[in-house]
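Add 7 to the 1-based position in the sequence shown for the numbering used here, that's all there is to it. Following: one structure in structure tokens, then a few remarks.
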Amino acid sequence: MVRAMTADNLRSAFGGESQAHMRYRIWGATAKKEGFENVSKLFMATSDAEQIHATLHFNALKDVEGDFPVTSMAGFGLSETSKNLQGAINGEVFEYTEMYPAYISVAEMQGEEEAIKAYRFAIEAEKVHAKRFQEAKDAVDQGKDLEVSGGIYLCPVCGYIGLDPDEEACPLCGAKRAVFIEY
8 MVRAMTADNL RSAFGGESQA HMRYRIWGAT AKKEGFENVS KLFMATSDAE QIHATLHFNA
68 LKDVEGDFPV TSMAGFGLSE TSKNLQGAIN GEVFEYTEMY PAYISVAEMQ GEEEAIKAYR
128 FAIEAEKVHA KRFQEAKDAV DQGKDLEVSG GIYLCPVCGY IGLDPDEEAC PLCGAKRAVF
188 IEY
């Protein structure tokens with residue numbers, strides 16, 4: 008059974024990733040409405056990546072029972088696409104610089120290997136998400152949509168988001184291109 012501190016952290020990570028999943032869906036719809044079709048696709052792909060992370064955290068909980076905590080959504084209301092992208096960048100950077108490193112430390116202390124693996128996948132994917140959102144924000148701030156040559160690609164194993172249609176495998180987990188989901 009997962010120890011209490013790791014279980015609490017997994018619940019928190021599950022909640023955060025679940026909220027990011029829905030927040031990015033909402034922001035993707037806003038970007039589409041404002042005419043930023045590729046930014047919208049990026050938000051949708053990243054939303055699905057956050058769902059993958061939430062599922063990994065949920066599965067790592069195994070047989071832990073109890074309610075998942077509710078975290079405030081203050082500051083994440085609808086706004087224009089550029090502001091939404093900045094909110095997305097801030098959230099992704101927080102996750103890979105503060106949240107997941109702390110969670111990994113606790114899981115390592117408690118010997119929770121599955122939780123450590125889930126957190127490490129998430130940390131590396133969040134770095135890529137922040138980069139993709141910054142690229143999109145730079146374009147939107149110039150009044151343009153995000154330029155993509157082929158599509159936006161999601162690795163369903165770890166949540167990596169790729170923009171290269173010729174990428175043969177996920178650079179984070181090694182999953183083959185054939186399993187990528189195209190947006």
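Even glycine gets a Cβ: it sits at the ideal position worked out from N, Cα and C. It should be emphasised that the depicted structure is a prediction, and the values quoted were computed from it without experimental measurement.
Top-ranked residue by Cα proximity to residue i, from the options
{"i": "H60", "options": "R184, V164 and E87", "result": "V164"}
{"i": "D173", "options": "G181, S156, F43 and L179", "result": "S156"}
{"i": "L92", "options": "L153, L179, R184 and G166", "result": "L153"}
{"i": "K138", "options": "Q117, N97 and A109", "result": "N97"}
{"i": "I130", "options": "E105, F65, A14 and E115", "result": "E105"}
{"i": "D55", "options": "C177, H136, Q149 and A185", "result": "H136"}
{"i": "A11", "options": "G118, Y107 and Y31", "result": "G118"}
Residue burial classification, residue i (beta-carbon count within 10 angstroms, cutoff 16)
{"i": "E99", "result": "buried"}
{"i": "S47", "result": "buried"}
{"i": "Q58", "result": "buried"}
{"i": "V147", "result": "buried"}
{"i": "D171", "result": "exposed"}
{"i": "A95", "result": "buried"}
{"i": "A81", "result": "Note that A81 scores 38 on pLDDT, short of 50, meaning its location in the model is unreliable; the coordinates nonetheless yield the value given after this. Exposed, by the Cβ-count rule."}
{"i": "E189", "result": "exposed"}
{"i": "K144", "result": "buried"}
{"i": "V186", "result": "exposed"}
{"i": "M51", "result": "buried"}
{"i": "G166", "result": "buried"}
Beta bridge counterpart(s) of residue i as assigned by DSSP
{"i": "K7", "result": "Examination of residue 7 is not possible in this model, given that the chain is present from 8 through 190 alone."}
{"i": "I33", "result": "Partner(s): none; I33 has no beta bridge."}
{"i": "G42", "result": "According to DSSP, G42 bridges with nothing at all."}
{"i": "I188", "result": "L161"}
{"i": "G169", "result": "Y160"}
Whole-angstrom C-beta distance between residue j and residue i, which should lie under 8 Å
{"i": "A125", "j": "L63", "result": "4 Å"}
{"i": "L17", "j": "I159", "result": "Going by Cβ atoms, the distance from L17 to I159 rounds to 28 Å, so no, they are not a contact pair."}
{"i": "I123", "j": "T53", "result": "Their Cβ separation, rounded to whole angstroms, is 23 Å, which puts I123 and T53 out of contact at 8 Å."}
For a minimum of 3 consecutive residues, which ranges assigned as the beta strand (DSSP E) are wholly contained in the stretch 94–166? For the stretch 94–166, not a single whole beta strand (DSSP E) run of length 3 or above is found.
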